[in-house]
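What follows is one structure encoded as structure tokens, with my remarks underneath.
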Amino acid sequence: MYDIASEWKQVINVSRKAVKNVNGKYLPIAPIEPDTVLTHNTIALYLTSESANPNWYKAGYLYQAFFIPFGTAGAAQGEQIKVILNRYMIHRFTTFPDIENKYVLSYSPESYYKDVKLQVWEYVGTNQGATLDSLQTTQKATLAKVNSIQQSLNR
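Right under this line is the structure:
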């Protein structure tokens, strides 16, 4: 399903470096919040760091945010993904899959990283997995079966 290269589109390719304060200590890298709007529920990501220790594993968190028409923030958090250093990861978002198809990503690196490079690809192929519509159809069919069983038991 994911093995066709033309069905993946790189949407984020960004690097950040920590800066030193006046005392010479590194400040944590600020969250990376690209202005890229995604519309499909499956992504791949890869995070590297040239200065990372070889035994480092966790690289931070990637957050999904949906646009909302109420409140002052303009966005509501969807899912949170733990990002693993030097590991290609594929993730299919399941929170709010069809309510609103537009979302953005935000990456917060661990505070001890001095540099990071984040790459994200969006899967634009036709097999996007279960959608809200397919789940609702299954739910309606299941409820109809339950109602039928209840009516049989009540006789």
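Quick note, in my numbering, the sequence shown goes up one by one and the last residue is 156. Here a beta-carbon is modelled for each residue, glycine too, at the ideal position from N, C-alpha and C.
1. Looking at the structure shown, is S50 part of a helix, part of a strand, or coil, going by DSSP?
2. Report buried or exposed for Q65, applying the criterion of at least 16 other Cβ atoms within 10 angstroms of its Cβ.
3. Evaluate V117 with the Cβ neighbour count: other Cβ atoms within 10 Å of its Cβ, from every protein chain shown; 16 or more gives buried, anything less gives exposed.
4. Kindly confirm or deny that the segment 47 to 61 and the segment 74 to 91 touch, where touching means at least three C-beta pairs closer than 8 Å.
5. Tell me the residue span of the beta strand (DSSP E) that contains F68.
6. Would you mind stating whether S107 and E34 have Cβ atoms separated by less than 8 Å?
7. If I'm right that Q78 touches I13 with Cβ under 8 Å, what's the distance once you round it to whole angstroms?
8. Below 6 Å CB to CB, which residues in the same chain sit around I91 once its five sequence neighbours on both sides are set aside?
Reading it off the structure:
1. In the sequence shown, counting from the first residue as 1, residue 50 sits at position 49. Coil at S50, not helix or strand.
2. Within the sequence shown, residue 65 is the residue found at index 64, counting from 1. Counting Cβ neighbours within 10 Å, Q65 comes out buried, since at least 16 surround it.
3. Position 116 of the sequence shown, counting from 1, holds the residue named residue 117. Classification for V117: buried.
4. yes
5. As a position in the sequence shown, residue 68 is number 67, starting the count at 1. Counting along the chain, the beta strand (DSSP E) containing F68 begins and ends at 59 to 68.
6. Here residue 107 corresponds to residue number 106 of the sequence shown, with the count starting at 1. Here residue 34 corresponds to residue number 33 of the sequence shown, with the count starting at 1. Yes, Cβ-Cβ distance for S107 and E34 is below 8 Å.
7. By one-based count along the sequence shown, residue 78 stands at place 77. By one-based count along the sequence shown, residue 13 stands at place 12. Not quite, the Cβ-Cβ distance comes to about 18 Å (not below 8 Å), so this is no contact.
8. On the sequence shown, position 90 is the one that residue 91 refers to. So the list reads A45, once near-sequence residues are dropped.
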